[in-house]
Structure formats: C-alpha cells, structure tokens
Amino acid sequence: MISQQTIQQILSRIDIIEIVGGFVKLKRRGTNYLGLCPFHNEKTPSFTVSPAKEIYKCFGCGRSGNTISFLMEHEKYSYVEALRWLAARYNVEIEEKELSPEARQQQQVADSLYIINAFAQKFFSDILFTSEEGQDIGLSYLKERGFNEEIMRKFQLGYCPDQRDHFARAALTAQYNPDYLIRTGLVVQREEKLLDNYRGRIIFPVHNQTGKVIGFGARIIRSNDRAPKYINTPENEIYVKSKILYGSYQARQAIDKADECLLVEGYTDVISLHQAGIENVVASGGTSLTIDQLRLIRKYTHHLTIIYDGDSAGVKAALRGLDMALEEGLDVKLVLIPDKEDPDSYVRRIGATAFREFIAANKKDFILFQLEVALKDAANDSNKKAAVVNQVAETISRINKAEDFTRQQDYIRQSAEILHIEETGLHTLVNKYIRERITKQENKAAAAAQATEEAPPAIPQDEDSLNLLFRHEQNERGMIRVLLEYGLRSWDDQSLVADYILSESAELADLIDNKRLLMIIDLFRDWYQQGLEPTSKNFLYHEDQELSTLAVSVMDVHHELSPNWKEHYEGKINTPDDLYKEDVESVVRYLRLRKIQRLIQENQVDMQKSALTYEEWVVLYTTHKHLKEMEMTLLQSLGTVIVK
Ligand SMILES: [Zn+2]
Numbered sequence: 104m105i106s107q108q109t110i111q112q113i114l115s116r117i118d119i120i121e122i123v124g125g126f127v128k129l130k131r132r133g134t135n136y137l138g139l140c141p142f143h144n145e146k147t148p149s150f151t152v153s154p155a156k157e158i159y160k161c162f163g164c165g166r167s168g169n170t171i172s173f174l175m176e177h178e179k180y181s182y183v184e185a186l187r188w189l190a191a192r193y194n195v196e197i198e199e200k201e202l203s204p205e206a207r208q209q210q211q212v213a214d215s216l217y218i219i220n221a222f223a224q225k226f227f228s229d230i231l232f233t234s235e236e237g238q239d240i241g242l243s244y245l246k247e248r249g250f251n252e253e254i255m256r257k258f259q260l261g262y263c264p265d266q267r268d269h270f271a272r273a274a275l276t277a278q279y280n281p282d283y284l285i286r287t288g289l290v291v292q293r294e295e296k297l298l299d300n301y302r303g304r305i306i307f308p309v310h311n312q313t314g315k316v317i318g319f320g321a322r323i324i325r326s327n328d329r330a331p332k333y334i335n336t337p338e339n340e341i342y343v344k345s346k347i348l349y350g351s352y353q354a355r356q357a358i359d360k361a362d363e364c365l366l367v368e369g370y371t372d373v374i375s376l377h378q379a380g381i382e383n384v385v386a387s388g389g390t391s392l393t394i395d396q397l398r399l400i401r402k403y404t405h406h407l408t409i410i411y412d413g414d415s416a417g418v419k420a421a422l423r424g425l426d427m428a429l430e431e432g433l434d435v436k437l438v439l440i441p442d443k444e445d446p447d448s449y450v451r452r453i454g455a456t457a458f459r460e461f462i463a464a465n466k467k468d469f470i471l472f473q474l475e476v477a478l479k480d481a482a483n484d485s486n487k488k489a490a491v492v493n494q495v496a497e498t499i500s501r502i503n504k505a506e507d508f509t510r511q512q513d514y515i516r517q518s519a520e521i522l523h524i525e526e527t528g529l530h531t532l533v534n535k536y537i538r539e540r541i542t543k544q545e546n547k548a549a550a551a552a553q554a555t556e557e558a559p560p561a562i563p564q565d566e567d568s569l570n571l572l573f574r575h576e577q578n579e580r581g582m583i584r585v586l587l588e589y590g591l592r593s594w595d596d597q598s599l600v601a602d603y604i605l606s607e608s609a610e611l612a613d614l615i616d617n618k619r620l621l622m623i624i625d626l627f628r629d630w631y632q633q634g635l636e637p638t639s640k641n642f643l644y645h646e647d648q649e650l651s652t653l654a655v656s657v658m659d660v661h662h663e664l665s666p667n668w669k670e671h672y673e674g675k676i677n678t679p680d681d682l683y684k685e686d687v688e689s690v691v692r693y694l695r696l697r698k699i700q701r702l703i704q705e706n707q708v709d710m711q712k713s714a715l716t717y718e719e720w721v722v723l724y725t726t727h728k729h730l731k732e733m734e735m736t737l738l739q740s741l742g743t744v745i746v747k
C-alpha cells in the first residue's frame, strides 16, 4: 500500500497532456487537446483531453477517465501499478502506508518470497551459464533442444546443480529465513536439513504481469520413470496457479499489437515460438482455463487461439470450461497441429512464416469444433444426438451480449447445418436457454432487492418525462461539478464556494435522487472539515474506482468558462473570473426550486384534508402563497419556466 502522502505527491506532478500525449498524438484545440482515440478505430479525432480538468473523454466510444485510469486502460496496469509507474516517471520516492497487522504480515511474507525468488533466479542462471556442471549438463541440453542464449536470457532460464543442498546452503549463507525458503518450494526439509528440491533440473522462472518472479517450473533432463517431468512451485502468497499464464509478461505487448493471444501447453512451446519471432503466446500449464486466466487474456484481446496438438492432455484440459470464455466475450478459435508434433517441434521444422500461415489457415471455431467432435461420438445414437443438440443450444445461448447478436445468429445457422436440423427449431431452443438464464438472474436480483431496499423506481415512459429526468440529473451533477471545480474559490469576503454549497447541500441533500453523488459531497465535507483543501483531483484520482468514475462523469470537458462568455454577459459581470459564481448560483437555484415545488405539493396535500379548522387552513394557505412567491422569484432568476 502506498501512503496517501506519496499519492498526493504523485498527483501533484501529473501532467495529463504529457502522459496521454506519450501514447496518443494530441493537437491543441482551444483549451482542450484532440487526438485519435486509442480505444476505438477512428479517422476523425474525437478523443478530447482537458488539461485544466485533467480528464479525457472520447465522444466516439464514450470512454473517459483521468491519467491513472488512462494508464490502467491503455497499459493494463492495476491502480497501484499505475501509481508506481508514475512515481518512477516523476522520481517520487514511494512511502508505504501503515497496514493492519495481518495485512502487514502477509505483505512481508509476499515481499520475502519475491526476494528469495529473485535470488534463486539469479543463482540458477549463473550456474547455467558459468559453472562447469551448468554448461555441461544444463546448457548443452537446452542447446540440443535448439534454444539460443539470447532467448534463454530473455526467459531467465537456469539450472539447479545435481547436489544435495547447493542452493539451500547458498540461500542460508545469504541469511534467508528457512521457513520462507520452504514456502517457495525451492527447498524441502529432511530431518532438520534443508535439501534442494530441483536437483539436476532446468529451471523456468514464472513471472507475474510486472515481471517479478513468482515461482518456478523445474524440468527433469533425462527421463526417469520415478521422477515427475516437472516440479512446480506450491501455492503460496504469490504463486496462485489459477491466475497464472506463463509468458504473459513477455507476451503482453505482442498480444496487444496482434490483437490475438495464442495459447499453448508448455513452457518450451512458449519459448520456441518466441525464438521464432511469434511473441503473442502464453501457456496455461496444462490445466483447464480459469475465469481469472480468461480475464487476464481479455485485458489484451478478445481473440484467443488455442493451439491444440492431437495427443496433448493439457490442451484438452484447457478446452474444458471454455463456455466461460464465451460469457467473457472472448472469441475462441482452435488450431489442431499435425500428428506427432507439438508447437515447439512444429515451428522448428517449418519455420515462423509457415507456422503463422498454418495457424491462419487452420483456425476452427471452438463451438463448431466441439459440435463436430460430439456428433462423431454420438454416431447414430439418436438419444446422444438429442443431447448434442441441447448442449450446443446451451453453449450458443451463453453468447448473450448485445454486441454479439450477429455472432449468435451465425452460430445458429452453421450449427443447424452441421446437425442437419431446422434452423428455426434450434433458434427456439437457444431462446429457451436464454430465457431460463434471464429468469434465474431476475429471481436472484429480485430476492436481493427485497432483502436490501424497496422496489426500484418506475421508469417514465414518455419522452418529456425522460427529458425532465435527464435535466434533473444534469442539475444534480451540476451541484457536484461546481463543488469540485470551484469549491476553493472565494464566494464572498468571508467564505469560499465550498462553505456556501456545503451549507446549502445539507438542506438540499434529500433532493438529490442519485444517492451515489452524495458520497462525493460527504467525502468533500469530511476532508474540508479536517482542514484539507480538496479539489477535483482528489476525487478524480480516488483509489475507489466507483468514486473516481463518478467524479469524471460529473466533469464536462466542454463546460469551460471561456473568455467569449464575457461578451455574452457584457456589462453585467466585470471579469470572466466572476462567471463561476453565476454557475454556482444557477445550480443552487435550480435545486432550491425543486425543493420549493416539493413543499408546495406537500402543502397542497395537507390543504385537501377534510378535517381542517379554519385557523389551520389559513396557516396552510399563507404558506402556499409564500411558497408560490418564492417559486416565481426563482423561476424569474433562472430565466426559464420549468414545468413541474
Ligand atoms: Zn474512443
């Protein structure tokens, strides 16, 4: 955890034009900058960056955010990674935040494991390249398999000597904690002694997204019936198998560029393909793909191509559970490579160009491939065939995202063809599965809603009420916007805009229907009362992504108090600087008007009660008249007549 102080320091340095401009070519346009959106394909620039507000918005695809969310989106960083990247860029020293004792303990263990792994990686690489045993056994084996030194260094390969405790002794001499050494799986304890776990094996370090070593795969050199081919790091604080894709660190940029991720089974497949210049490739490690792994892939691309070798159990395992990939919106293709080959041997034999061509020419659609295999299994058994039809309908029904509608239609058509059944029949069946899933989700949502709050508000049908609702929402947001933009400017001689808005908002809070917006007001008030000086930046860069997104959404890049306004207000206002007061005032007036209109309504309900005494009625009537006058004054000052 990074301390708040460090975060503030980083934020104060951020120059959104410099950072975003490093990835997108920006041109000045008035107070804003304009460029081609990096998130969608366009020929006319609609990607707008406001240096004053430190946000970007794309009017083509609707993406918006701040410098940090830009890095998160564009570079696939986590929030903390983005902060660290900026800290390095601006030479800000990172100070870690106080943690709870448990969190600190866990952090310390994780840090220790990273340090030990880094030490081990270096130790094993040194042995491989410089020791006699490493060169004679490890290096000659790797060279025999066709790897060059450059690629070995890129993947930081190593060799563990075939001795009882060569590594363990080195690690203990370097003062590493024996408990943590055991946790990394690098050593095992045998009767009070620590022994090397990877004796005589080639070491493949496994990296996380930021390039740190989180674990190892250790491969035996000479096949031996008693020993496993690979030993892998046991699950620990930093090695979580379900989240790992081998090679993702080395492949990230290539995947982004190719807009495709190739999936193979083993470490050596990844390394061979890299050596051949095919770098958009990762390995699943021979287990079925997990939701975390699929999401990791989807951060880079929607196109997953699984390279499948006929007799590989690992890739078959990866194929299981791929229905999840469809729900994640991934487009999955399969490539079956020729018999008795694996990607490693095949790319060596035919070369990179031919390999690429082979992949491109032999992609099979995952759903249709599964269908063909299942159909072959079912042969002439009509019960089995019915099950296949149901299965494929269920699978297709999972492609239920709006944008994938055409894809779903295509699948129905092609599957019906393969199955020799009526397209409309399959269509009906798919719809049945979609309905079932929606009903299930609705029941779940209804149960959850009942448990937490009252029924959701009815959605207004006609366009007018929608406009009204939109206008109201705009004004609610306006309240937050002026608070964030002008909060620290002066309101009058004694107070700031923030004082004014916070005192008004206490009264007007119940008029703000979007309760999430109140989070910002509340947080602003907290900070302000603590003597801090919150600005829009503190919200734009808040670590709570919901809050930050909300703050970006209330900011309007085109809502600039431009000097042109001066002419418009000619004579009325002296300097453009004063315009913000007008802005603040009109937002507050609007909400006040709402408040008064609600009071009038309530008062009218009271007046219609039958059991009123004359005195009571007079009080209500006087109130009514008074409220009506206030309403009129406000309407006049707002310069418009607003229908209730
Ligand atoms: Zn865009």
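Count the sequence shown with the numbering used here and you get residues 104 to 747, in order. No residue lacks a Cβ here, since even glycine has one placed at the ideal position from N, Cα and C. Just so we're clear, the structure is a prediction, and the values are computed from it rather than from any experiment.
Three-state secondary structure assigned by DSSP to residue i
i: Thr555; result: At Thr555 the pLDDT is 49, less than 50, meaning the model places this residue with poor confidence; the figure from the coordinates comes in the next sentence. Of the three classes helix, strand and coil, the one that applies to Thr555 here is helix, per DSSP.
i: Ser106; result: coil
i: Ala519; result: helix
i: Glu199; result: strand
i: Val708; result: helix
i: Ala190; result: helix
i: Asn335; result: strand
i: Leu425; result: coil
i: Ala321; result: strand
i: Ser115; result: helix
i: Lys179; result: coil
i: Asp298; result: According to the sequence provided, residue 298 is Leu. The question's Asp does not apply to it. Leu298: strand per DSSP, three-state reduction.
i: Glu732; result: helix
i: His530; result: helix
i: His727; result: helix
i: Leu635; result: coil
i: Ala482; result: coil
i: His671; result: Any answer about His671 is weak, because its pLDDT of 46 lies below 50 and its placement is not dependable; what the coordinates show is given next. Note: His671 maps to helix in three-state DSSP.
i: Thr716; result: coil
i: Phe642; result: helix
i: Arg132; result: strand
i: Leu365; result: strand
i: Glu663; result: With a pLDDT of only 48 at Glu663, under 50, the local geometry of the prediction cannot be trusted, and the value read off the model is given with reservation. DSSP places Glu663 in coil when its eight states are reduced to three.
i: Leu737; result: helix
Supposed contact pair residue j and residue i - C-beta distance, whole angstroms, cut 8 Å
i: Tyr352; j: Gly303; result: Going by Cβ atoms, the distance from Tyr352 to Gly303 rounds to 27 Å, so no, they are not a contact pair.
i: Glu526; j: Ile515; result: 6 Å
i: Asn327; j: Leu216; result: Not a contact, Cβ separation roughly 29 Å.
i: Ala787; j: Leu284; result: Residue 787 is absent from the model: the chain starts at 104 and stops at 747.
i: Thr103; j: Asn194; result: Summary: the structure shown does not reach residue 103, with the chain confined to residues 104 through 747, and so no result is reported for it.
i: Ala481; j: Val491; result: 5 Å
i: Gly590; j: Val690; result: Rounded, the Cβ-Cβ distance is 13 Å, inconsistent with contact.
i: Lys179; j: Lys346; result: Rounded, the Cβ-Cβ distance is 14 Å, inconsistent with contact.
i: Ala155; j: Thr134; result: 6 Å
i: Glu475; j: Ile521; result: 7 Å
Bounding residues of the beta strand (DSSP E) (the contiguous stretch that carries residue i)
i: Ala354; result: Where Ala354 is concerned, there is no enclosing beta strand (DSSP E), although the alpha helix (DSSP H) it sits in stretches over Ser351 to Ala361.
i: Phe250; result: From DSSP, Phe250 is part of no beta strand (DSSP E); its letter is neither H nor E.
i: Arg293; result: Val290 to Arg293
i: Ser153; result: Phe150 to Ser153
i: Ile440; result: Asp434 to Ile440
i: Arg272; result: Looking at the DSSP string, Arg272 is not in any beta strand (DSSP E); the run it does join, the alpha helix (DSSP H), is His269 to Thr276.
i: Asp602; result: No beta strand (DSSP E) contains Asp602, which is instead part of the alpha helix (DSSP H) from Val600 to Leu611.
Beta carbon of residue i nearer than 8 Å to that of residue j
i: Ile754; j: Ala601; result: No answer is possible for residue 754: the residues shown for the chain start at 104 and end at 747.
i: Ile440; j: Asp484; result: no
i: His405; j: Leu437; result: no
i: Ile197; j: Arg207; result: no
i: Phe126; j: Pro141; result: yes
i: Leu407; j: Val435; result: yes
i: Ser651; j: Arg692; result: no
i: Cys263; j: Phe227; result: yes
Start and end residues, alpha helix (DSSP H) containing residue i
i: Asp395; result: Ile394 to Arg401
i: Ala463; result: Ala455 to Ala464
i: Asn220; result: Pro204 to Thr233
i: Asn486; result: Ser485 to Ser500
i: Leu653; result: Gln648 to Val657
i: Thr371; result: Tyr370 to Gln378
So, do the stretch 167–182 and the stretch 109–126 have three or more beta carbon pairs nearer to each other than 8 Å? They touch, by the three-pair rule.
Evaluate the contact criterion for the stretch 425–432 versus the stretch 374–385: three or more CB pairs, one atom per stretch, below 8 Å. Put simply, the stretch 425–432 does not touch the stretch 374–385. Fewer than three CB pairs are less than 8 Å apart.
The stretch 266–273 in contact with the stretch 306–325 per 3-pair CB rule at 8 Å: They do not touch, by the three-pair rule.
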